[in-house]
Amino acid sequence: IGIPIVCSLALLLAVSLVSGMVTYKKWWRGFFRAPRGGDGRRMTGDLHRLIGLWSLWFVALIAVTGLWYLVETLGGNARVPKVPDVEASPMPTGVALDRLVAIARRADPALDVREVRFTPDNGVILLGQSSAWLVRDRANAVVVDPATSRVVAQLDGRTLSAHQRISEMADPLHFGTFGGLWTKVIWFLFGALLTAMAVTGTMIYAMRLARSSRSDASTVKIAWQGMGAWGYIGIALILLTLILTPGAIGGAS
Numbered sequence: 259i260g261i262p263i264v265c266s267l268a269l270l271l272a273v274s275l276v277s278g279m280v281t282y283k284k285w286w287r288g289f290f291r292a293p294r295g296g297d298g299r300r301m302t303g304d305l306h307r308l309i310g311l312w313s314l315w316f317v318a319l320i321a322v323t324g325l326w327y328l329v330e331t332l333g334g335n336a337r338v339p340k341v342p343d344v345e346a347s348p349m350p351t352g353v354a355l356d357r358l359v360a361i362a363r364r365a366d367p368a369l370d371v372r373e374v375r376f377t378p379d380n381g382v383i384l385l386g387q388s389s390a391w392l393v394r395d396r397a398n399a400v401v402v403d404p405a406t407s408r409v410v411a412q413l414d415g416r417t418l419s420a421h422q423r424i425s426e427m428a429d430p431l432h433f434g435t436f437g438g439l440w441t442k443v444i445w446f447l448f449g450a451l452l453t454a455m456a457v458t459g460t461m462i463y464a465m466r467l468a469r470s471s472r473s474d475a476s477t478v479k480i481a482w483q484g485m486g487a488w489g490y491i492g493i494a495l496i497l498l499t500l501i502l503t504p505g506a507i508g509g510a511s
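Quick note, our numbering runs 258 ahead of the 1-based positions in the sequence shown.
Take a look at the structure:
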């Protein structure tokens, strides 16, 4: 149930994207407008808008791919090609595994192997990147039967249907893995900027409350009081995430 809940937040992200463009009049003029100094609220607001403008493409991308993940969880996922059955045999290791990998490489010399998996009967599946661009590693694969040393299946990302291609594009675009280290760094930086926007947005909200209530309390205290019960819910969810993360990583490995 966690995946649908997280994916549904893409709806809120899309709403925030549209509302930001509507409330910020003539937003296209603000890309090179430096934050004004002096008043803290004004500077924070200018910084918030500047970060938001330069992050528009990233927010739109994450929202669209997040919505696609939601569609997949609701039954709209594309069909994944079925791997043919192979003759049951002991799991190949060492020299035997190297020999099967070499056979798979000869079948598809362009395949940049990123992962090696095994079928239930210990058939060898080599997955990676080949001629098709912007697809998951699973879209390009070679399956070798260890009992006969024959290639029994070969998947090429270029032969996918439109539905399958959209599905396979989601991960590379959402996580920024399609361009190696460079795109991963760019995705990390813009992800950090979105986190910074959450901070500046909270600061703006707290400053607005402080001005309306004329309170002498600190900005942090005012922001916390303004969130009400949602503040406790947010903290609980963050703590739950931190507690469950080690188990999720261990299970994935």
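Glycine included, C-beta positions come from ideal geometry on N, C-alpha and C.
Source: prediction; values computed, not measured.
Measure the Cβ-Cβ separation of residue i and residue j and say whether it is below 8 Å.
i: Ser347; j: Ala368; result: no
i: Leu308; j: Arg294; result: no
i: Leu325; j: Ala397; result: no
i: Val344; j: Gly381; result: yes
i: Trp315; j: Phe289; result: no
i: Val409; j: Ala365; result: yes
i: Ala336; j: His432; result: no
i: Ser266; j: Leu328; result: yes
i: Arg394; j: Pro430; result: yes
i: Gly489; j: Trp482; result: yes
i: Thr216; j: Leu270; result: The structure shown has nothing for residue 216, since the chain only spans 259 to 511.
i: Leu384; j: Val371; result: yes
i: Ala390; j: Pro342; result: no
i: Gly310; j: Met485; result: no
i: Lys442; j: Thr453; result: no
So the candidates are the options; which of them puts its Cα closest to the Cα of residue i?
i: Ala272; options: Val317, Asp304, Arg299, Gly295; result: Val317
i: Met349; options: Ala405, Glu330, Tyr327; result: Ala405
i: Lys479; options: Ala464, Tyr490, Ala487; result: Ala464
i: Met427; options: Ile320, Ala450, Phe446; result: Ile320
i: Leu392; options: Leu384, Met455, Asp379, Gly415; result: Gly415
i: Phe376; options: Arg394, Asp370, Ala390, Val400; result: Val400
i: Arg300; options: Ile501, Leu495, Met461, Ala456; result: Met461
i: Leu358; options: Thr503, Asp403, Gly486; result: Asp403
i: Arg469; options: Gly298, Val276, Leu275; result: Gly298
i: Gly261; options: Thr417, Ile424, Val322, Glu330; result: Per the sequence shown, the amino acid found at residue 261 is Ile instead of Gly. Cα-wise, what sits closest to Ile261 is Glu330.
i: Val322; options: Ser425, Arg466, Gly438; result: Ser425
Going by DSSP, what residues sit across from residue i in a beta bridge?
i: Gly386; result: Val371, Asn398
i: Leu418; result: According to DSSP, which records beta bridges pairwise, Leu418 is partnered with nothing at all.
i: Ala411; result: Val401
i: Ile290; result: It should be noted that the sequence gives Phe, not Ile, for residue 290. Paired residue(s): none; Phe290 is not in a bridge.
i: Phe376; result: Val382
Check whether the Cβ of residue i lies closer than 8 Å to any Cβ atom in chain C.
i: Thr460; result: Reference to chain C is not applicable here, since this structure consists of a single protein chain.
Task: Whole runs of the alpha helix (DSSP H) within the stretch 295-363, excluding any shorter than 4 residues - done: 298-312, 314-329
TODO: Pick out the complete alpha helix (DSSP H) segments inside the stretch 416-456, 4 residues or longer, and give them in chain order.
DONE: Counting whole runs of 4 or more residues, the stretch 416-456 contains the alpha helix (DSSP H) stretches 420-433.
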